[in-house]
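Below you'll find the structure, written out as structure tokens, and then a few comments.
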Amino acid sequence: MTSVLVVDDEPQIVRALRINLSARGYDVMTAYDGKTALSVAVESKPDVVVLDLGLPDIDGVDVIAGLRGWSTMPIIVLSARTDSAAKVEALDAGADDYVTKPFGMDELLARLRAAVRRRTTTHVADEPIVRTSTFTVDFAVKKVHRDEREVHLTPTEWGLLEILARNPDRLVSQKQLLQEVWGPMHVNESQYLRVYMAQLRRKLEHDPSHPKHLITEPGMGYRFQP
């Protein structure tokens, strides 16, 4: 059964969506504010999210960013904001589709089915937190903790760690890391990697000279071992 998280602060819209989606065999979860939505998403990992932007506590765009910090689940925005700037902002934040209120139920259901089909063919196992014996990486809030204390990482350090942690036990090439973190003009600057990987190990490994989790594959790249 496909699970849907409906996030909207208007009870009548939530009720209408719950009735229509349940009648078509969807497992429906609901949230009336952004913080609850993020909590439910982490706990239940729905297959797709239908999200209003005008929430009472945090803006829907921030909810999208929070979800995209760790998940590829489809997000369909359902909003009364009709200006193009709002649509662009939501799509740039990571939304997959945008439906304006008032909306037709048939159109929304068609977009929902399309999003689920794309999800099925490109599924990636999403986990908000990766744990090692030494530290944890929380993609939802972009934070790292070691010994129950937050470890401050620079944006570049986080970028490197995020790519590696999202690909556990896989070799990630030097070229890929350089291109994704520094850009295509720096794919030959391997010294950047040596410097920043050394910094990450000092912050995260118990014995930086003999790392257990941030492994160098000489001449090829790096590997993250949880």
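Sequential numbering from 1 applies to the sequence shown in full-length UniProt numbering. Yeah, the Cβ is synthetic: ideal placement off N, Cα and C, and Gly gets one too.
For residue i, the three-state DSSP class (helix, strand or coil)
i	result
I13	helix
R131	strand
H186	helix
E157	helix
D97	strand
E89	helix
R113	helix
A125	A caution first: A125 carries a pLDDT of 49, below 50, which makes its placement in the model too unreliable to give a value.
E148	coil
R81	coil
E43	helix
One or two residues paired with residue i in a DSSP bridge
i	result
I75	V49
K143	D138
F224	L214
L5	M29 and V49
L171	R223
Exposed unless 16 or more other CB atoms sit within 10 angstroms - verdict on residue i
i	result
Q12	exposed
S22	exposed
E217	exposed
A31	buried
residue 245	The chain is shown only over 1 to 226; residue 245 falls outside these bounds and no answer can be derived.
R15	exposed
E157	buried
H210	exposed
I64	buried
Q174	buried
S71	buried
Rounded distance between the beta-carbons of residue j and residue i, thought under 8 Å
i	j	result
P128	F139	6 Å
L60	L67	Correcting the residue identity first, residue 60 is Gly in this sequence and not Leu. The Cβ separation is near 10 Å, so there is no contact.
L161	V137	6 Å
S79	A85	Going by Cβ atoms, the distance from S79 to A85 rounds to 12 Å, so no, they are not a contact pair.
Touching or not, the stretch 191 to 206 and the stretch 142 to 157, by the rule of three or more beta carbon pairs under 8 Å?
-> yes
Cβ contact check for the stretch 106 to 118 and the stretch 164 to 180: 3 or more pairs under 8 Å = no
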